[in-house]
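Number of protein chains: 2
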Amino acid sequence: MQEIYSYNNINAMTQKSDIEIAQSTTMVPISSVAREMGLDEELLEPYGKYIAKVSPDAIDEERMRSHHLVLVTAISPTKAGIGKTTVSVGLALGLNAIGKKAVVALREPSLGPCFGLKGGACGGGYAQVLPMEKINLHFTGDFDAITSANNMIAVLLDNYIYQHAADGFRLKTVLWRRVMDVNDRNLRQIITGLGPDSNGIIGESGFDITPASEIMAILCFATSVDDLKRRIGNILLGFDYSDNPFYVRDMHVEGAITALLLDAIKPNLVQTTEGTPAFVHGGPFANIAHGCNSIMATKLALTYGDYAVTEAGFGADLGAEKFYDIKCRKAGFAPDVTVVVVTLQALKMHGGVPYEKIKEPNVAGVANGFWNLDRHVANIRHFGQSIVVAFNLYAGDTAEEIEEVRRHCEEDLHVAFAVNEAFMKGGAGAEALARKVVETINKRPSEPLHMLYDDDKNVEQKIEAVARNIYGAGTISYSRKARRQLLRIQQLGLEHLPVCIAKTQYSFSTDPKAYGPTDGFHLDIADIVINSGAGMIVPIAGNILRMPGLPNVPQAVNIDVVDGRIVGLS
Amino acid sequence: MQEIYSYNNINAMTQKSDIEIAQSTTMVPISSVAREMGLDEELLEPYGKYIAKVSPDAIDEERMRSHHLVLVTAISPTKAGIGKTTVSVGLALGLNAIGKKAVVALREPSLGPCFGLKGGACGGGYAQVLPMEKINLHFTGDFDAITSANNMIAVLLDNYIYQHAADGFRLKTVLWRRVMDVNDRNLRQIITGLGPDSNGIIGESGFDITPASEIMAILCFATSVDDLKRRIGNILLGFDYSDNPFYVRDMHVEGAITALLLDAIKPNLVQTTEGTPAFVHGGPFANIAHGCNSIMATKLALTYGDYAVTEAGFGADLGAEKFYDIKCRKAGFAPDVTVVVVTLQALKMHGGVPYEKIKEPNVAGVANGFWNLDRHVANIRHFGQSIVVAFNLYAGDTAEEIEEVRRHCEEDLHVAFAVNEAFMKGGAGAEALARKVVETINKRPSEPLHMLYDDDKNVEQKIEAVARNIYGAGTISYSRKARRQLLRIQQLGLEHLPVCIAKTQYSFSTDPKAYGPTDGFHLDIADIVINSGAGMIVPIAGNILRMPGLPNVPQAVNIDVVDGRIVGLS
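In the order they appear, the protein sequences are chains A and B.
Quick note on numbering: UniProt numbering labels position 485 of the first sequence as 485, and the sequence is numbered without any gaps.
Quick note on numbering: UniProt numbering labels position 214 of the second sequence as 214, and the sequence is numbered without any gaps.
See the structure below:
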């Protein structure tokens, strides 16, 4: 524990930004990364020297079975950041450092946060996936293909309505929205088809951000091209005046939409700052969507790594719950252990310390924030998971504060605890964490996964199971719109689907400003989105928006190109 | 001439669709294509085995000077199609077949026409660029990057207005529109920012198709990353209440937008059905934009080919005029010869033969359509260009009709004439055309390029020069909106820029239904778009729309994925 003192000023010591570290790291050709992990080069499609698409044929379900799956989640996020991706990458590096074969599976970044408030999503410091500029911007075009497929459906639907109006075809309700991979608040609610008749039929519409698209979820769940096409055909677009559902397949364009996604469904292979293989594929947000990378990417990580490290977005109330109840249910996964990331700054914010003071030593403030960790630990135990708390070290963290967190974890909560210094030291800084993870898997692995609900419960019961057990909600109400959707779900025979609740990440409740314990709060379901193609029901809790906005000074003003190189991307 | 008879039923003979021919053609690795033409592999960035981005460093201005530039244009298009890309690719194949070193430079296809009325844009039969499925769909992501950059500017602008409203910042006029690479008539005119205050400020907006984006034009004109960034900074977004212009650079985001385009500005290298190198880069339409591939792609073709074959979109009134007056002006190009593509079916349509009857032999009908060819030939001669007419052979064309076209070209117009059979026979079918092109370049090359107007004319004079000399307009009027823009152009000091008139491709006039000669028609300029970043002025003539719509039965319903392969893409 002593040596931690020497890293109290890690940022001051390195004086290097994430992108500077990334650009000064020598990468190995992606073909070598593949060869090293035993992946046949024939199954690779290179996108430049350092990125490749990998054929789903590379998945080996037999090999997967003997390998270990590690889920990385976190306490509730705050504006201080938490570094979940940094820990996920760091843990893979640490596992390699102690002689294990690890592969990491992550989500692809969205341009919205990248140009908005949060910045990129490739980890940080010496625990990043590379080439971070490419991964953060466009990458292999998957998000663009998803955007294009989503909007092509919207266009084909509008055109179908326009061209068939004379035949009496009409939809009473159009459920399909457009998407764009930006934070565009002005597009949340729009009127389309203004101007002369030839501009289509006037209607209300709107855009969500691409990570919220049902096509994104479909891409994450699809197990083959045929499965992808079937799911696209099953997308529900609206209802006619006799309340008959209208699906993509009714327009006979599921094949054309699948054609737009033929490259996008292949997982992307990149490398970490230390050459570890990383599958980065699919990128739904965990608040407004299901929050984890594609099933195929996780399967590839499990095929080629003795340890597959993957993450679920935001806090464990969102990402981890959806990982267990949706992704594991669909793919048959069950993590051997769940890692929960904590930071002192986030604990202090949950303990009521003002943002301006979270960098100051404050043991009491840290302890006041334990309620948040405790709740997440209890929640994860609901699923029968063994837990390792990964303490993500920041500059300025004091030994006394760290000791208080260790004591609480080991003595009060009886969960394993380790400090992660991968940001500063790469794999060498995550050996302790890696050892704790291996030890936990060997000595007290997770029980068989307990889902929160069975398929045969109805949607209200499923919402209730998540809201009461995980969020701590007291009462639950449904808007008239939501009630109508519940009825439709029943009529369409979709009650068996899992629920993916859209909710703010900042609180267990639906109020993003409600810090502190919120047990017994009232949860209102404002709307319910039916993702019949993806195979899930998305209840919208509270005022959560599926299209974010930009902050006063967006990250975009920091990004630049100097001498042909990108700078200021974080 | 005799042997042509045997190809009267070429489609019936082959029984193969474009995509079937494409998929059954064995491609060589793109690294071999590059090596073969003398391009250092270090300058390549592979996107899979058969596509590569090429560094602009590969351009050699010195070598370009001793090589020949061939422009391929056409008579006015009709719904019968014309095959300009097929002839462009075919000519390159033909040049190779007679022992010349040819490289072709083309535009990238847009998803709008690909899923709409027209289908893909990779040529046809045995004269295609490959892999056509990838090139037609997403390709290397250039269009997606352009869409993203364009819309990121829109978002950043809306956010700037929203965040600075309290400081009194306000724009009286917002000129920037969003884009999407689809035919979405419903998005032409929309109201954004509806709902609660947090959804932004209510405003009128709309989407153009991506090929009409100023970012597309900038990508086509940029000579370096720095030049790209400077041009993006110079994009005019609107005017405040004191009529001061507001540019992208006023938001300090030109660097971030450039970062989004760093891969997109590198030209793409692919191959033809016979392994000829093809640079496919940039894709503005020629009716609503300037209609030719990027300057950098043409420079690469000119560096590595003794003959660089490039095309300009739609009829010569649009594409060729813009190629000479805009692209050549900006890049210093001057074609050695211009090839004009004709087909019997198109000539018959221009001759008043009903669409249903254009496949029937009809020498008189063909002759009645000569007025269209004659006008284009006269127009091209305005620029001092030598001309070869390329007769693009279709199934069912009769020797008698072909002879009538040959006679008219050689005896009446005194231009070279050759039949192109590349669709059916590949390079072997374009040898005659290739020989005519080489012969014309050697014996009577074009005069130095005469532009239609000098930089120092004002915008009205430039519009007039094009409208009277090329379109044959009699009178010209300007809407109030256009007049105001003329004044602004003057005030902004942008009078020196060339004009890129947006006009229907179906008629010399602004009426898409006005077949036949339209000399003396009235041309109305409805609006004028200022592309101060790209460096051109875009007058909107008549009712031309910068966002197309889909037809009753779009191509999308024919496209499918069967056993993992795309079918039905044309």
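Beta carbons: idealized from backbone N, C-alpha and C, even for Gly.
1) Among residues of its own chain, excluding the 5 on either side of Gly474 (chain A), which ones have a beta-carbon nearer than 7 Å to its beta-carbon?
2) Starting from Gly238 (chain A), trace the beta strand (DSSP E) in both directions and tell me its first and last residue.
3) In this structure, how does DSSP classify Leu71 (chain B) when only helix, strand and coil are distinguished?
4) For chain A, find out if any of its Cβ atoms is closer than 7 Å to the Cβ of Ala102 (chain B); answer yes or no.
5) State the start and end residues of the unbroken alpha helix (DSSP H) segment that holds Lys503 (chain B).
6) Does the beta-carbon of Ala556 (chain A) have 16 or more other beta-carbons within 10 angstroms, so that it is buried, or is it exposed?
7) For Ile190 (chain A), go through chain B and note every residue whose CB falls closer than 7 Å to its CB, in chain order.
8) Kindly give me the distance between the Cβ atoms of Val129 (chain A) and Gly123 (chain A), rounded to whole angstroms, as I take these residues to be in contact under 8 Å.
9) Would a check of beta-carbon distances place Arg185 (chain B) closer than 7 Å to chain A?
10) Between Asp181 (chain A) and Leu111 (chain A), which are expected to be in contact by the criterion C-beta below 8 Å, what is the C-beta distance as a whole number of angstroms?
11) Could you list which residues in chain A have their beta carbon closer than 8 Å to that of Asn199 (chain B), in chain order?
12) Nearest-angstrom Cα distance between Pro446 (chain B) and Val415 (chain B)?
13) Measuring only the C-alpha atoms, how far is Thr272 (chain B) from Ile257 (chain A)?
14) So which residues on chain A does Tyr47 (chain B) lean against when the C-beta distance must stay under 8 Å?
15) Tell me, please, whether the stretch 328 to 336 of chain A touches the stretch 479 to 489 of chain A by the rule of three or more beta-carbon pairs shorter than 8 Å.
16) One question on the structure: do Ala465 (chain B) and Lys503 (chain B) come within less than 7 Å of each other, judged by their Cβ atoms?
17) When we look at the beta-carbon of Tyr453 (chain B) and count the other beta-carbons within 10 Å, is it buried (16 or more) or exposed?
18) Are Ser76 (chain A) and Gly315 (chain A) touching if we call contact CB-CB under 7 Å?
19) Can you list the residues of chain A that residue 572 (chain B) reaches, using a CB-CB cut of under 7 Å?
20) What are the residues that DSSP puts in a beta bridge with Val561 (chain A)?
21) Glu41 (chain B) and Ser31 (chain B): beta carbons closer than 7 Å?
22) Spatial neighbours of Val253 (chain B) within its chain, please: C-beta separation below 6 Å, excluding the five flanking residues on both sides.
23) Does Arg63 (chain A) come out as helix, strand or coil in the three-state DSSP assignment?
24) Within 7 Å of any Cβ in chain A, is that where the Cβ of Gly120 (chain B) sits?
25) With a threshold of 7 Å between beta-carbons, can Gln163 (chain A) be considered close to chain B, or not?
26) If you compare alpha carbons, which of A:Ser205, A:Thr147 and A:Tyr307 is closest to Ile191 (chain B)?
27) Does the CB of Val253 (chain B) have a neighbour CB from chain E at under 7 Å?
28) Measuring straight from C-alpha to C-alpha, what distance separates Pro548 (chain A) and Met64 (chain A)?
29) Alpha carbons only, please: which of A:Asn151, A:Val389, A:Tyr304 and A:Ala367 is nearest the one belonging to Val337 (chain A)?
30) According to DSSP, residue 581 (chain B) sits in a beta bridge with which residue or residues?
31) Just to confirm before moving on: does the CB-CB distance between Glu311 (chain A) and Val72 (chain A) stay below 7 Å?
32) Are Ile218 (chain B) and Gly493 (chain B) touching if we call contact CB-CB under 7 Å?
33) So, for Asn372 (chain A): in the same chain, excluding its five sequence neighbours on each side, which residues have a beta-carbon less than 6 Å away from its beta-carbon?
34) Can you tell which of B:Lys436, B:Asp563 and B:Leu569 has its C-alpha closest to the C-alpha of Gly94 (chain B)?
35) Buried or exposed for Gln505 (chain B), going by 16 or more other Cβ atoms inside 10 Å?
36) For Val339 (chain B), report the span of its beta strand (DSSP E) as first-last.
Per the coordinate set shown:
1) Gly520, Phe521 and His522
2) Leu236 to Asp240
3) strand
4) no
5) For Lys503 (chain B), there is no enclosing alpha helix (DSSP H), as DSSP marks it with neither H nor E.
6) buried
7) Ile190, Ile191, Thr192 and Leu194
8) 6 Å
9) Closer than 7 Å to some Cβ of chain A, the Cβ of Arg185 (chain B) qualifies, so yes.
10) 5 Å
11) Arg185, Asn186, Arg188 and Gln189
12) The question names Pro, but residue 446 (chain B) is Ser in the sequence shown. Cα to Cα, the separation comes out at about 12 Å.
13) 26 Å
14) Pro46, Tyr47 and Gly48
15) Touching, no, given that fewer than three Cβ pairs across the two stretches are closer than 8 Å.
16) no
17) By the neighbour-count criterion, in which 16 or more other beta carbons inside 10 Å mark a residue as buried, Tyr453 (chain B) falls on the buried side.
18) yes
19) In this structure chain B extends from 1 to 570, so residue 572 (chain B) is not present and cannot be described.
20) A:Ile566
21) yes
22) Leu156
23) helix
24) Not an interface residue.
25) yes
26) A:Ser205
27) The structure shown has no chain E; the protein chains it does contain are A and B.
28) 37 Å
29) A:Val389
30) The shown model of chain B, from 1 to 570, leaves out residue 581 (chain B), and the question about it has no answer.
31) yes
32) no
33) Ile75, Ser76 and His350
34) B:Lys436
35) Looking at its Cβ environment, which holds 16 or more other Cβ atoms inside 10 Å, Gln505 (chain B) is buried.
36) Val337 to Val342
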